[in-house]
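Here is the structure we will look at.
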Amino acid sequence: MASYKINYHLTNCNTTAASSKNYDTDGNIIYFCGKAVDGCRFLPNDGDYNYISRLSGGSTKITKFNLSRVSASDDSKVIKGDIDGISSDGKYFSKRLTFGTANSGEMECYLNARGGTPTVKTLKINNNVSGTNAVSVQNDSNFDITLTGDVDGTFTVIPTVIYKNKYNEAARGTMNVNGNVATFSVPVDTNEEITINGTFTPKPKELTITNHVSGTVATYVQNGENFDITLTGNTDGSYSVVPAVSYKNESGTQTTGEMSVNGKIATFSVPVATNETVTITGTFTPETPQKDVPVTYSLTNCTVSPQPQTVKTGSTLNLTVTPFTNYNLDSCNIIWNDGSKDVTISVAGGVISFTVPDSCISINIKAVASIITPVGRNYGAINVYCVTLDNLDAFSKQRFFEIKDDTQGIFEEVNLGIFVNRIRRIFTNVPVSGTDSLKCGNYNTGITVQTPEKDVILLDFGNVTLTGLNGDSEDYNAQISVFIPCRGFVAVDSKYIGKTINLSFKVNVITGDAVAFLSCDGVIFQLESFSLSRDVIYETGTTELNIVGGTQWDEQILYGLEPYVIITQNTTINKPVNNTQESVTIGDVTGYAQFENVDLNTVNLLVDEYNTIISELENGVYL
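The opening position of the sequence shown corresponds to residue -10 in the working numbering, with each subsequent residue numbered one higher.
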C-alpha cells in the first residue's frame, strides 16, 4: 500500500480532527474537512479557491471542490465528514475522495473561507520570563507573539511556548531569539491562552569612575540594584584623607558620601538606576616598603635555630645559638652592613633579638664554640681527633720545621711526629661532636679536625631467628656459627634453635677494641672480645725510627663487615615414636614427650597458670 502526505494551505480557516493527514491509493476514503475562522464562511461552488493538486499518471491533476450548503439537520454530518457539503451557516467544509494507483507523491490541498471578514481575537499570554514583556498581533490566521527584554540582555534559557496546534492538540514550541527579542506564531483558531517559560539575563550596566586618589585603583561590581565600589591602595598604606564619592542618590540629586575604610581598602555603594559616572577624591599615603635582607652564618662548633636566609627591614630577627655537646660558646656576634660599613654587635648567651634597620643591606651571624672536655682526657694527657686523609696530608707538610735561636745562633729541629701516639683505622662510622685545632705538645698546627662525640659507641646489628629444619628434637643437634666482623666465626649453643638472637657491639674509638654481645630476649648469653681497628704504621723518629702501631696483624677485615649465621643440621628421615609410659620427673625428660596424670601440687601456681601448664604437657612439648 502506498501512502503519501497531504499538505494543507489554509486561508481564514483550519482543518478539523476529521481531516486526513495522508492519502493512500487503495481506494480508502480520504477526508478533507475545514472550519472557517470567526467572522468568515465557506462559499458554495467555490472550487477555484478550494481544490487539491496531485500527480496522476505522471501529470498534475486538479480536483475542484464545488460544494453546496446542506440543511441545518445535516450540519453534524458535515462536521464529522460523513457527507460532502458546506454546513448551513458556511462554518464547516467536508469533501470525501478515493484515489487509485495512478496517483503518487505528496498532495496539495487549498481551503479558503472567503466569505466575510475574520474577527479579531485576543490572546491571553502567561509570561513567566522575568524582566521581559510579551505582546501578540493577529496576522491572518496566526497570532504573532513577540517577547522583548526590558533592558539589553540575553536569553540564558531559550523561551518556549505552550499552545495548541492547528489540530487543537497541546504542543510546545521554541521561540526564535535575536538579542533581547524572541518571536513565535500560534494558530488563531485553536488558541485563546498560551504560556511562555524561559530566563532572561539583563546585560550588566556600566559605571564610569573618575578616581582622583593617587596610588589607588578603583573597581566596581553590579550587585542587584547597587554598584559596589572598591578603592584599593597599590601598596600597603593608609588614607590620610578619607575618600569621598560624588554620585546621584535614588532621587537623582547629586550628593557626596564618605567611603568605609579598612587598611588600604575603601568601599561605597551607589544606586544603579541613577548613576553612570561617579568621582572619588581623597589621599592615600603608602607605607615605607620593606626590603629583604640576606642573612649568612659563620658557625664553628655550634648551630642556630631557626636559620632564615632573608629577613625584612623593620622586623625583628630572633635566633638562638646552641654549641655542640661538650662545647662552650666563646663568642656570638651580629655583623650588619648599611652599605658603607660593618657594625658588630656582641650577643651574650647566644640568644639573638635584633631589629633590622631600614638601612641594612646584609647580616652575618658569627659564633664560635670550643671543646670543654676532650674525649682523650679520660685516657691521660692526650688529645684524640678524627682525621681524614687530607688532614694527614696537611700534617705531613708541617711535621718537620726549624726554630732559630738568634741569641745562640743555633737551630732546633722540630719533628711533630714524636707527639703522635697512635693512628688507628676504625671500621665503623665514628660520631663527631664538632671541630678543634690539631695540637701536638705545645704546638698548634692550625689544622681543623673533627673530634669524637664519645669514647664508647654502640652498634646494633639487629635480630635474627634461628629456624630449625625439621620442627622436632633433631633440630637441637644442629651446629650454629655466627660470623662476627673482625672476629670470625663463633659457635652458638644449639639450644637457641627456634629463638631470636641479637648481635651488638660496644666499640672503644680510642683503643679500637670491641666487645660483641649475643643476647636472647634481652639476656646476654655470650661475649666475644676483639679489635675493630687496624694500626696505621707511622714512623715517629728521625734518627731512631720508632714505629707507632704493630708491624704484624691479622687481616680480619678481609673477612667482611656483614654479620651472618650458618646453621648446619640433619634432616629427620623417620621420626621416632616412643609409646613407653612410665612415671618420670619432667626435668629428666628431653626431646618430644606427652604427659598425663601430671602432679604439680608442690608448685605454688595460680589456677590459670596451673591449667595452662597441664594442658601444654598433655598435648605434647619439646624439652
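Note that the Cβ used here is the ideal one computed from N, Cα and C, for glycine as well. Computed from a prediction, not measured in an experiment: that's the story for all the values here.
Asked: Please state if the CB of residue 178 and the CB of residue 2 are separated by a distance shorter than 9 Å.; Found: yes
Asked: Whole-angstrom Cβ separation of residue 183 and residue 218, contact assumed at under 8 Å?; Found: Incorrect: roughly 43 Å between the Cβ atoms, too far for contact.
Asked: Quick one: residues in its chain with C-beta nearer than 7 Å to the C-beta of residue 213, no 5 flanking neighbours on either side, listed in chain order?; Found: none
Asked: As a quick exercise: from 407, 408, 406, 390, pick the residue whose alpha carbon is nearest that of residue 400.; Found: 390
Asked: Among 172, 95, 254, which has the Cα closest to the Cα of residue 224?; Found: 254
Asked: Would the beta-carbon of residue 435 fall within 9 Å of that of residue 448?; Found: no
Asked: If the criterion is Cβ atoms closer than 9 Å, does the pair residue 148 and residue 187 meet it?; Found: yes
Asked: Across which residues does DSSP place residue 425 in a beta bridge pair?; Found: 438
Asked: Look at residue 62 and residue 74 and say whether their C-beta atoms are less than 9 Å apart.; Found: no
Asked: Helix, strand or coil for residue 127, going by three-state DSSP, please let me know.; Found: strand
Asked: Kindly confirm or deny that the segment 298 to 310 and the segment 341 to 357 touch, where touching means at least three C-beta pairs closer than 8 Å.; Found: yes
Asked: How close, in whole Å, do the beta carbons of residue 492 and residue 450 come, if the pair is a contact with beta carbons under 8 Å?; Found: 4 Å
Asked: For residue 225, which of helix, strand or coil comes out of DSSP?; Found: coil
Asked: Counting only the same chain and skipping the five closest in sequence on each side, list residues whose C-beta sits under 8 Å from that of residue 248.; Found: 218, 220, 231, 232, 233, 234, 255, 256, 257, 269, 271
Asked: Considering just the uninterrupted stretch of the alpha helix (DSSP H) at residue 54, what are its terminal residues?; Found: Unbroken run through residue 54: none, as it is neither H nor E.
Asked: Taking the alpha carbon of residue 71 as the point to measure from, which residue in 424, 21, 48 has its own alpha carbon closest?; Found: 21
Asked: Measure the C-alpha to C-alpha separation of residue 156 and residue 26 and round it to an integer number of angstroms.; Found: 14 Å
Asked: Going by the CB atoms, is the gap between residue 587 and residue 606 shorter than 9 Å?; Found: yes
Asked: Who does residue 160 pair with in a DSSP beta bridge?; Found: 152
Asked: Which residue's Cα is closest to the Cα of residue 383: 136, 405, 53?; Found: 405
Asked: Can you grab the Cα-Cα spacing for the pair residue 433 / residue 312, in whole Å?; Found: 22 Å
Asked: Could you check where the alpha helix (DSSP H) with residue 381 kicks off and where it finishes?; Found: 378 to 387
Asked: What span of residues does the alpha helix (DSSP H) with residue 608 cover, start to end?; Found: 596 to 608
Asked: Could you check what DSSP says for residue 202 in three-state terms: helix, strand or coil?; Found: coil
Asked: Taking the C-alpha atoms as reference points, what is the distance between residue 314 and residue 418?; Found: 18 Å
Asked: Quick one, which of 275, 480, 488 has its alpha-carbon nearest residue 203's?; Found: 275
Asked: Where does residue 181 land, buried or exposed, given buried means 16+ other C-beta within 10 angstroms?; Found: exposed
Asked: May I ask you to report which of helix, strand or coil DSSP gives residue 534?; Found: Low confidence applies to residue 534: its pLDDT is 49, below 50, so where it sits in the model is not reliable, and the reading given next is rough at best. Note: residue 534 maps to coil in three-state DSSP.
Asked: In chain order, what residues of the same chain have a beta carbon less than 7 Å from the beta carbon of residue 121, not counting five sequence neighbours either side?; Found: 136, 137, 138, 139, 189
Asked: Please specify which runs of the alpha helix (DSSP H), each continuous and at least 4 residues long, are wholly inside the segment 230 to 281, giving them in chain order.; Found: none
Asked: What does DSSP give as the partner residues of residue 23 in its beta bridges?; Found: 4, 82
Asked: For the putative contact between residue 445 and residue 425, defined by C-beta atoms under 8 Å, what is the C-beta separation to the nearest angstrom?; Found: Between residue 425 and residue 445 the Cβ distance is about 20 Å, and since that is not below 8 Å, they are no contact.
Asked: Distance check for residue 409 and residue 534, CA to CA, integer angstroms please.; Found: A caution first: residue 534 carries a pLDDT of 49, below 50, which makes its placement in the model too unreliable to give a value.
Asked: Touching or not, the segment 105 to 125 and the segment 82 to 91, by the rule of three or more beta carbon pairs under 8 Å?; Found: no
Asked: Which residues does DSSP pair with residue 342 in a beta bridge?; Found: 307
Asked: Just to confirm before moving on: does the CB-CB distance between residue 486 and residue 556 stay below 9 Å?; Found: yes
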